[in-house]
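In what follows, a structure is listed as structure tokens, so that the remarks can point back to it.
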Amino acid sequence: MQEKYNPRVVEQEAQRHWETTQAFRAVEDASRPKYYCLSMFPYPSGKLHMGHVRNYTIGDVLTRYHRMRGRNVMQPMGWDAFGLPAENAAIANGVSPATWTYDNIAYMRKQLRSLGFAIDWDRELATCSPEYYRWNQWLFLRMLERGLAYKTTGVVNWDPVDQTVLANEQVIDGRGWRTGAMIEKREIPMYYLRITAYAEELLSGLDALPGWPERVKTMQANWIGRSSGVEVAFPYADGTGVLTVFTTRADTLMGATYCAVAAEHPLAARAAAQNPELARFVEACRHGSVMEADLATMEKKGMATGFFVVHPLSGAKLPVWVANYVLMGYGEGAVMAVPAHDERDFEFATKYGLPVRRVIASQTGAYESVAAPWQDAYADYGVTVDSGQFSGLDFAQAVDAIAAALERKQLGRKRVQYRLRDWGISRQRYWGTPIPIVHCEACGDVPVPDDQLPVVLPEDCVPDGSGNPLAKRADFVSVACPRCGQLARRETDTMDTFVDSSWYFLRYACPQQSQRMVDEAVDYWLPVDQYIGGIEHAILHLLYSRFWTRVMRDLGLVRLDEPFANLLTQGMVLNEIFFRRTDGGRIAYFNPADVDAQVDDKGQRIGAVLRADGAAVEAGGMGTMSKSKNNGVDPQALIDEYGADTARFFMMFTSPPEQTLAWSDAGVEGASRYLKKLWAFAREFDETMRPLLAIEGDRAGAAADSALAACRREVHLNLKQASYDLERHQFNTVASACMKMLNALDRAPRADSLARAQLVAEGLSILLRVQSPITPHICHGLWRELGYAGDILDAGWPAVDETALVQDEIDLVLQVNGKLRGNIRVARDADRAVIERTALGDPGAQRFIAGQPIKRVVIVPGRLVNVVV
RNA sequence: GCGAAAGUGGCGGAAUUGGUAGACGCACCAGACUUAGGAUCUGGCGCCGCAAGGUGUGGGGGUUCGAGUCCCCCCUUUCGCACCA
Numbered sequence: 002m003q004e005k006y007n008p009r010v011v012e013q014e015a016q017r018h019w020e021t022t023q024a025f026r027a028v029e030d031a032s033r034p035k036y037y038c039l040s041m042f043p044y045p046s047g048k049l050h051m052g053h054v055r056n057y058t059i060g061d062v063l064t065r066y067h068r069m070r071g072r073n074v075m076q077p078m079g080w081d082a083f084g085l086p087a088e089n090a091a092i093a094n095g096v097s098p099a100t101w102t103y104d105n106i107a108y109m110r111k112q113l114r115s116l117g118f119a120i121d122w123d124r125e126l127a128t129c130s131p132e133y134y135r136w137n138q139w140l141f142l143r144m145l146e147r148g149l150a151y152k153t154t155g156v157v158n159w160d161p162v163d164q165t166v167l168a169n170e171q172v173i174d175g176r177g178w179r180t181g182a183m184i185e186k187r188e189i190p191m192y193y194l195r196i197t198a199y200a201e202e203l204l205s206g207l208d209a210l211p212g213w214p215e216r217v218k219t220m221q222a223n224w225i226g227r228s229s230g231v232e233v234a235f236p237y238a239d240g241t242g243v244l245t246v247f248t249t250r251a252d253t254l255m256g257a258t259y260c261a262v263a264a265e266h267p268l269a270a271r272a273a274a275q276n277p278e279l280a281r282f283v284e285a286c287r288h289g290s291v292m293e294a295d296l297a298t299m300e301k302k303g304m305a306t307g308f309f310v311v312h313p314l315s316g317a318k319l320p321v322w323v324a325n326y327v328l329m330g331y332g333e334g335a336v337m338a339v340p341a342h343d344e345r346d347f348e349f350a351t352k353y354g355l356p357v358r359r360v361i362a363s364q365t366g367a368y369e370s371v372a373a374p375w376q377d378a379y380a381d382y383g384v385t386v387d388s389g390q391f392s393g394l395d396f397a398q399a400v401d402a403i404a405a406a407l408e409r410k411q412l413g414r415k416r417v418q419y420r421l422r423d424w425g426i427s428r429q430r431y432w433g434t435p436i437p438i439v440h441c442e443a444c445g446d447v448p449v450p451d452d453q454l455p456v457v458l459p460e461d462c463v464p465d466g467s468g469n470p471l472a473k474r475a476d477f478v479s480v481a482c483p484r485c486g487q488l489a490r491r492e493t494d495t496m497d498t499f500v501d502s503s504w505y506f507l508r509y510a511c512p513q514q515s516q517r518m519v520d521e522a523v524d525y526w527l528p529v530d531q532y533i534g535g536i537e538h539a540i541l542h543l544l545y546s547r548f549w550t551r552v553m554r555d556l557g558l559v560r561l562d563e564p565f566a567n568l569l570t571q572g573m574v575l576n577e578i579f580f581r582r583t584d585g586g587r588i589a590y591f592n593p594a595d596v597d598a599q600v601d602d603k604g605q606r607i608g609a610v611l612r613a614d615g616a617a618v619e620a621g622g623m624g625t626m627s628k629s630k631n632n633g634v635d636p637q638a639l640i641d642e643y644g645a646d647t648a649r650f651f652m653m654f655t656s657p658p659e660q661t662l663a664w665s666d667a668g669v670e671g672a673s674r675y676l677k678k679l680w681a682f683a684r685e686f687d688e689t690m691r692p693l694l695a696i697e698g699d700r701a702g703a704a705a706d707s708a709l710a711a712c713r714r715e716v717h718l719n720l721k722q723a724s725y726d727l728e729r730h731q732f733n734t735v736a737s738a739c740m741k742m743l744n745a746l747d748r749a750p751r752a753d754s755l756a757r758a759q760l761v762a763e764g765l766s767i768l769l770r771v772q773s774p775i776t777p778h779i780c781h782g783l784w785r786e787l788g789y790a791g792d793i794l795d796a797g798w799p800a801v802d803e804t805a806l807v808q809d810e811i812d813l814v815l816q817v818n819g820k821l822r823g824n825i826r827v828a829r830d831a832d833r834a835v836i837e838r839t840a841l842g843d844p845g846a847q848r849f850i851a852g853q854p855i856k857r858v859v860i861v862p863g864r865l866v867n868v869v870v
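Counting from 1 along the first sequence, just add 1 to a position and that's the residue number in the working numbering.
Right under this line is the structure:
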């Protein structure tokens, strides 16, 4: 056995062993319960970052733990390999996105392997391979056939200089990121997926996900945004049509004093045609900021259209205004305005002198006919007043009565409205799944027949930032129409990369399947038992995946509703931020690795200096590791210096998985120190105690010695705690339980007895197994070195020996009036009378009882005694 | 503004059902060994206090023999949504 712990040697040996034994190959086995553990697959950006290390370590701990528990585990890995950064890299470096991507994958795969994850690499997939994305195309065509995919126009950011469409993140302050040109909004044809058809199911399905964080479910529910209300038609006063609005407050209909439409509403356009001033206003609204956060604080502006509508119930003539606070994208793009009971309408009406009519009172009889002007809108629910035949009703009654009255006149009905929009998947980009459509002069938009799939993306393009590279490729664009054979033009848009990630977890069940999108293996492996990823995917990726799975279900491809049974959202990795303000008012950031902290003799931070010049820097607190703050730590440097096990141990020990993790060099040192200590202890056992085991001995030895029994109890207590904590995903205390076990074994009486050797042999076998999910390499190595039987992977999870936990005598906490006054030692089975007598006789207690009458003695068995005086 | 989560030593964080608050680790202090140590080992370490003791889980109240944990009010922070009709 090596004298010193050498992670490099230990880790290479373990990894080689796992590879030669194909230790992590997952094979369907109906006789065993399966455990499918999945961490969100990485985008191959170049190299791993700390977030990856944390993400995959969490998944690996769970995978290895459940394997030891006897589950048939599967942990796959793949690459979310399409996307914009590959094109940006191509523009910057002149290499093709394909080359860049495949190079990155090769490097990151090596990094992942060096971390020793129990991954079945036979199942690896990359979404940019035709074998994968052909099924994106295939399913898209199925959706098209069923009306779940459709084409309509959508608005995009257009860079007039580069003649290209930009993603939102490429638009900075309204200008193109490369050209600095003012971005225009353009309407172009795009394909959409009808996720709204599943809105209700995606919402109600959340109730069937007890293993998801409440926070994520709430975010999804808000995103879907179901609201039930009433659709109300306001006939035009000139009889040429109706203005339809949606309201959740139909009870306030009698208080409507005007209607307002969005600038993009057809009625606004119609009015603007005859009114140049209005046309200018509408145009100004269009050019205004589209940032939603800006909209919320924007001043309310509007202009009368000159149009009037008729109130559907009262018959009153109401003016129609164009207002910037009405969104075209929600409901009908038009609202009925009730200034008395809606804050936005109130603000608008007050500004433009529109009438306010109050029709809701807080409760029956409380309403007073207070004369205008009112100071505020009353937006709460209440009782209808001054509403003619609808007066005196509560909210539900009023909505029912008004909806019924509208329905009789055929001017309205109850309806459910969702905030969720259909999913636009067209991207005017090169590095993505080609949309399998051919545009033919004669036949129109023709789907590519299944037997011509996949539509292969040429991999040798090098985008230069202008236009769409695919459109410049005659060999890609020019194609015979599948229907009539005439020369036609292939669609050059590609799919949103969220399509790729919406079903990769299904494909892992059968990555080699070349005939079908998925096969029966899905029935075995799915749903994913544990999904792990960042909270940033709480909405889009997870919602799209739930939608896509249901579409596949309805096509008969899979038999499940929800793809992810349990979800763990890991916290972000933070590091300190240090900076200096330069003369120009700029801020220069310094990497924490180059900064020394200064502390006082209590260990409190009093300042920080840059090592290079010894001068002070300002501390900016903790923030997520990022390039802009210059506070990133490269995991590779960590692995190279300390090894994968130290990195893994630190990550698990420092914070519970869902919380943010604060990076700390000292913390890494601590983890490393512990592993060294473990190695040294094991070596000492190997050399001095293990030889004793060869001698036939009395197994009861450890139990007979009370100090050794206490030590053994400590080990089993910590085993119990660690098992409990693994089930609830609190890995930091699992790591600390391991440290406590080592401390306990280390403190066991030093006599070189057989009994002690037996105790340590058992203790180490438990410790190594408990710790092996976290630090698999060192545990594998020590397991072998110490001569335990077989592969630790197959050793099984240790069982708690309940008899080891039993004590003959127990310590009880002694309280007087609820305050700690000492401890008493009593027999395990002492009855109340004995405990009470012992407690009252305790000198520590007597000092505080001091002759006062005893009111009561509370005894909590096995825990404490509280004497109340 | 709405919604959710969280506030515990100098720091990361423990405390399973109300039952010894601060486990484990980091930092810090003292000591040992050492040519040296940023190695290793031993001890200490919430705050006030020489001590006895007091006090302490964001603040205030309550329930209880007993509250970090349960109830009410308030404050702060983080995250999400944000003119959604």
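Note that CB positions come from ideal geometry on N, CA and C, so glycine has one too.
Residue i: first and last residue of the uninterrupted alpha helix (DSSP H) it sits in
i	result
C739	732-748
Q418	No alpha helix (DSSP H) holds Q418; the beta strand (DSSP E) holding it covers 413-418.
C712	707-728
C780	777-786
Beta-carbon proximity of residue i to residue j, cut-off 8 Å
i	j	result
L319	Y237	no
W19	P45	no
L794	L693	no
D160	L167	yes
M742	I767	yes
K301	F347	no
V761	A749	yes
N56	G644	no
A539	T570	yes
Y1	I426	Because the chain here runs from 2 to 870, residue 1 falls outside it and cannot be looked at.
T776	D646	yes
V62	F732	yes
M78	L113	yes
S97	C444	no
Start-to-end residues for the beta strand (DSSP E) that takes in residue i
i	result
N576	574-582
V439	438-441
G155	150-160
W322	318-324
Identity of the residue in the options nearest residue i by Cα
i	options	result
A858	G852, D830, A851, G819	Here residue 858 turns out to be Val, not Ala, going by the sequence shown. The shortest C-alpha separation from V858 is found at G819.
D597	D562, G586, Q571, I578	I578
A261	I588, N325, K628	N325
D476	S467, Y57, E492	E492
P455	R517, G845, A280	R517
Q221	V233, S205, G230, E232	S205
E728	R70, E202, E14	R70
Q275	E284, R250, G307, M255	G307
R10	Q816, R195, G782	Per the sequence shown, residue 10 should be read as Val rather than Arg. Nearest option by C-alpha distance: G782.
S724	Q660, A711, P799	P799
V552	F83, T197, R612	T197
E563	P190, S546, L765	S546
V649	T625, V735, D602	First, the residue type needs correcting, since residue 649 is Arg and not Val in the sequence shown. For R649, the nearest C-alpha among the options comes from V735.
Legend entry - Inter-stretch contact (C-beta, 8 Å, three-pair minimum) for the region 502-512 and the region 126-146: yes
Inset, instruction - Taking only runs that begin and end inside the region 522-556, name each unbroken alpha helix (DSSP H) of 4 or more residues, in chain order. - result: 522-526, 541-555
Legend entry - Any 3 or more C-beta pairs closer than 8 Å across the region 377-388 and the region 337-345: yes
Legend entry - Unbroken stretches of the beta strand (DSSP E), 3 residues or longer, contained in the region 30-93: 35-40, 73-75
Inset, instruction - Could you pull out every unbroken alpha helix (DSSP H) segment of at least 4 residues lying fully inside the region 805-868, listed in chain order? - result: 833-842, 844-850
Inset, instruction - Determine contact between the region 217-233 and the region 579-592, defined as no fewer than three beta-carbon pairs at a distance below 8 Å. - result: no
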